[in-house]
Amino acid sequence: MDDTAITARQSAINLLDQVLGEGRLIPECLAAGALDRLEPADRARAQRLATDTLRGLERADRLLQKHLRKYPPLPVRNALRLGTVELCQGEAAHGVVNAMVTIVSRHRHHGHLKGLVNAVLRKIAAEGPEAWDKLRVPRLPKWLRKPLAQAWGGDAMAAMEAVHFAGAPLDITPRAGAQVDLPGARVLPTGSLRLTAPGQISALPGFAEGAWWVQDAAAALPARVLAAQPGEKVLDLCAAPGGKTLQLAAAGAEVVALDISDARLGRLRDNLGRTGLSAQVVVGDALEHAGEYDAILLDAPCSATGTIRRHPDLPFAKDGSEFAGLIELQAQMLAHAWSLLKPGGRLVYCTCSLLPDEGEVQVEAALESLPGATIDRAALALPGVDPAWITPEGGLRLRPDYWADLGGMDGFYIACLIKAA
Numbered sequence: 259m260d261d262t263a264i265t266a267r268q269s270a271i272n273l274l275d276q277v278l279g280e281g282r283l284i285p286e287c288l289a290a291g292a293l294d295r296l297e298p299a300d301r302a303r304a305q306r307l308a309t310d311t312l313r314g315l316e317r318a319d320r321l322l323q324k325h326l327r328k329y330p331p332l333p334v335r336n337a338l339r340l341g342t343v344e345l346c347q348g349e350a351a352h353g354v355v356n357a358m359v360t361i362v363s364r365h366r367h368h369g370h371l372k373g374l375v376n377a378v379l380r381k382i383a384a385e386g387p388e389a390w391d392k393l394r395v396p397r398l399p400k401w402l403r404k405p406l407a408q409a410w411g412g413d414a415m416a417a418m419e420a421v422h423f424a425g426a427p428l429d430i431t432p433r434a435g436a437q438v439d440l441p442g443a444r445v446l447p448t449g450s451l452r453l454t455a456p457g458q459i460s461a462l463p464g465f466a467e468g469a470w471w472v473q474d475a476a477a478a479l480p481a482r483v484l485a486a487q488p489g490e491k492v493l494d495l496c497a498a499p500g501g502k503t504l505q506l507a508a509a510g511a512e513v514v515a516l517d518i519s520d521a522r523l524g525r526l527r528d529n530l531g532r533t534g535l536s537a538q539v540v541v542g543d544a545l546e547h548a549g550e551y552d553a554i555l556l557d558a559p560c561s562a563t564g565t566i567r568r569h570p571d572l573p574f575a576k577d578g579s580e581f582a583g584l585i586e587l588q589a590q591m592l593a594h595a596w597s598l599l600k601p602g603g604r605l606v607y608c609t610c611s612l613l614p615d616e617g618e619v620q621v622e623a624a625l626e627s628l629p630g631a632t633i634d635r636a637a638l639a640l641p642g643v644d645p646a647w648i649t650p651e652g653g654l655r656l657r658p659d660y661w662a663d664l665g666g667m668d669g670f671y672i673a674c675l676i677k678a679a
């Protein structure tokens with residue numbers, strides 16, 4: 259038995275235990291060192307196995323329930339789930355079954371259940387792959403599915419779930435003026451590049467030279483809407499992980515990139531060094547920041563419900579209880595950012611959320627409460643942006659099911675507000 263395969267699978271099960279048992283997000287687990295002991299290839303494999311299992315969790319549970327009189331303890335159940343997903347994705351039955359039996363046999367409390375794991379996974383290996391594709395596309399949990407279906411309708415909800423289940427390709431933002439030649443890359447309508455099987459990112463052509471950075475195509479649009487000009491003083495509020503900062507700096511703006519998390523700003527500092535771009539990186543609270551700016555980009559803290567195709571752990575680790583606090587924080591940040599904006603300046607507000615309360619509703623309220631605020635619809639007229647995506651109040655609504663035939667996009671809301679001179 260390949261010990262590295264065992265290690266990657268065991269690490270994936272540990273991630274599933276934390277997400278499904280403790281309500282932790284995978285990025286939180288990674289930041290706490292969950293995979294630090296693994297080699298890069300094993301780390302990537304463990305993370306992929308965990309996310310694949312979360313995407314297919316509903317199907318895996320439906321197949322397993324036929325063979326279980328009662329659910330075993332969570333670590334064993336997660337080993338069964340991971341094994342089921344691997345088997346139904348076409349992995350060799352011998353390797354998968356033996357690996358899961360070995361992992362469970364080594365568990366100090368549940369080793370006696372290795373026989374159960376062996377018996378159940380052998381049955382799944384025989385019938386699971388054929389049954390897998392006949393099951394419905396996994397649905398979001400009811401706490402999230404209900405408000406999203408109310409907002410966008412049942413057909414749109416089903417289309418978004420199909421995109422979530424398919425997973426997310428890798429999108430890249432080329433640096434302005436850089437020559438980027440990535441084999442197999444597709445140019446998206448908005449100018450981002452998309453790779454469906456990128457392999458090791460740092461080994462791709464142009465990475466070391468700083469010719470591009472990883473950024474979902476939807477996440478690349480807020481900075482393009484802001485359209486920073488050379489020499490402008492621009493504030494990127496809540497800047498980490500930093501893709502928008504790089505866009506603003508590449509446009510020639512004098513950028514202040516602020517975030518409350520020094521750890522999350524680490525990747526931004528690395529990318530600034532790699533690309534040779536410059537920005538003033540500041541660790542601080544957005545509500546306490548002072549200054550005066552020509553333009554501001556506020557990517558406000560939000561539910562992140564637009565990123566589920568990339569982060570399938572979110573629906574399982576959260577329950578919606580934090581939404582009200584986030585919505586209040588967004589309103590406070592909008593008001594404070596407005597006070598930092600020069601007369602005649604522009605502010606782009608965005609969230610990677612599918613909930614109207616974090617997007618359309620926030621901007622409708624801001625247009626009534628912020629002094630001298632008007633909305634700039636013309637700023638949304640960008641290449642690849644469908645006019646049908648523009649909302650009644652003048653913002654831009656992006657959803658995962660847009661470009662479904664190309665692999666979808668993150669859900670986002672973007673609006674550009676102008677301050678009277």
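For what it's worth, our numbering labels the leading residue of the sequence shown as 259, then goes sequentially.
We put the beta carbon where it would ideally sit given N, CA and C, even for glycine.
Original post:
Per DSSP, which one or two residues make a beta bridge with Trp471?
Top reply: Thr431
Original post:
So, is Ala443 buried or exposed, given that buried needs 16 or more other C-beta atoms within 10 angstroms?
Top reply: Classification for Ala443: buried.
Subject >> Three-way DSSP call (helix, strand, coil) for Phe465 in this model >> reply: The answer is coil: DSSP assigns Phe465 none of H, G, I, E or B.
Original post:
Mapping DSSP to helix, strand and coil, what is Val606?
Top reply: strand
Original post:
Assuming Leu451 contacts Val445 under a Cβ cut-off of 8 Å, what Cβ separation, rounded to an integer in Å, is found between them?
Top reply: 6 Å
Original post:
Among the residues of its own chain, which have a CB less than 8 Å from the CB of Val354, if the five just before and after it don't count?
Top reply: By the criterion of a C-beta distance shorter than 8 Å, Val354 is surrounded in its chain by Gly341, Glu344, Leu345, Leu379 and Ala383, once the five residues flanking it on both sides are discounted.
Original post:
Who are the near neighbours of Leu296 in its chain, counting only those whose CB is closer than 8 Å to its CB and skipping five residues on each side?
Top reply: Thr265, Ala266, Ser269 and Ala304
**OP:** Express the C-alpha separation of Ala292 and Asp300 in angstroms, rounding to a whole number.
**Re:** 12 Å
**OP:** List the DSSP bridge partners of Lys677.
**Re:** Ala631
Original post:
Would DSSP call Val619 helix, strand or coil?
Top reply: Looking at Val619 - three-state DSSP - the assignment turns out to be helix.
Original post:
In this structure, does DSSP put Asp310 in helix, strand or coil?
Top reply: helix
**OP:** Check whether the Cβ atoms of Gly694 and Leu332 sit closer than 7 Å, and answer yes or no.
**Re:** Residue 694 lies beyond the range of the chain shown here (259 to 679); nothing can be said about it.
**OP:** Whole angstroms is fine: what's the gap from Val643's alpha carbon to Gly510's?
**Re:** 24 Å
Subject >> Reduced DSSP category for Leu505 - H, G, I as helix; E, B as strand; rest coil >> reply: The sequence shown places Gln at residue 505, rather than the Leu named in the question. Looking at Gln505 - three-state DSSP - the assignment turns out to be helix.
Original post:
Which one or two residues does DSSP pair with Leu556 in a beta bridge?
Top reply: Leu495 and Tyr607
Original post:
Beta carbon of Gly681, beta carbon of Gly501: below 7 Å?
Top reply: Any question about residue 681 goes unanswered here, given that the chain covers just 259 to 679.
Original post:
Name the DSSP beta bridge partners of Phe670, please?
Top reply: Leu656
Original post:
With DSSP run on the structure shown, which of helix, strand or coil describes Arg567?
Top reply: coil
Original post:
Under three-state DSSP, which class holds Ala515?
Top reply: Per DSSP, reduced to three states, the secondary structure at Ala515 is strand.
Original post:
Does the separation of the CB atoms of Cys610 and Ile672 fall below 7 Å?
Top reply: Contact: no.
Original post:
Taking the continuous alpha helix (DSSP H) assigned at Arg339, which residues delimit it?
Top reply: That run of the alpha helix (DSSP H) goes Leu332 to Cys346.
Original post:
Is there contact between the stretch 417-427 and the stretch 650-666, where contact requires at least three CB pairs shorter than 8 Å?
Top reply: yes
Original post:
Do you know offhand how far Gln323's Cα is from Tyr329's?
Top reply: Spanning the two alpha carbons is a distance of roughly 8 Å.
Original post:
Can you tell me whether DSSP reads Val202 as helix, strand or coil?
Top reply: Since the first and last residues shown for the chain are 259 and 679, residue 202 lies out of range.
Original post:
By how many angstroms is the C-alpha of Cys560 removed from the C-alpha of Glu580?
Top reply: 9 Å
Original post:
Skipping 5 residues on each side, what residues in its chain have a beta carbon closer than 8 Å to that of Pro298?
Top reply: Gln458
Subject >> Spatially closest choice to Lys677 from Leu628, Ala389 and Arg635, by CA coordinates >> reply: Leu628
Subject >> Proximal residues to Ala662 (C-beta, below 6 Å), its chain only, five neighbours per side dropped >> reply: Val421
Original post:
How would you call Trp401, buried or exposed, if buried means at least 16 neighbouring beta carbons within 10 angstroms?
Top reply: Exposed: under 16 other Cβ atoms inside 10 Å.
**OP:** Count the other CB atoms, across all protein chains shown, that sit within 10 Å of the CB of Ala553; report buried if there are 16 or more and exposed otherwise.
**Re:** buried
Original post:
What residue range is occupied by the uninterrupted beta strand (DSSP E) comprising Leu451?
Top reply: Leu451 to Leu453
Original post:
Whose C-alpha, out of Gly369, Leu307 and Leu312, is nearest the C-alpha of Val277?
Top reply: Per the Cα distances, Leu312.
Original post:
Looking at C-alpha atoms only, which residue of Val492, Gly578, Glu616 and Ala475 is the closest neighbour of Gly281?
Top reply: Gly578
Original post:
What residues in its chain sit with their C-beta under 6 Å from that of Ala549, if we drop five residues either side in the sequence?
Top reply: A small fix is needed here, since residue 549 is Gly in this sequence, not Ala. Once the five neighbours on either side are set aside, the close Cβ partners of Gly549 are Leu598.
Subject >> Proximal residues to Ala679 (C-beta, below 8 Å), its chain only, five neighbours per side dropped >> reply: Pro601 and Gly602
Subject >> Cβ pair Trp471, Thr431 closer than 7 Å >> reply: yes
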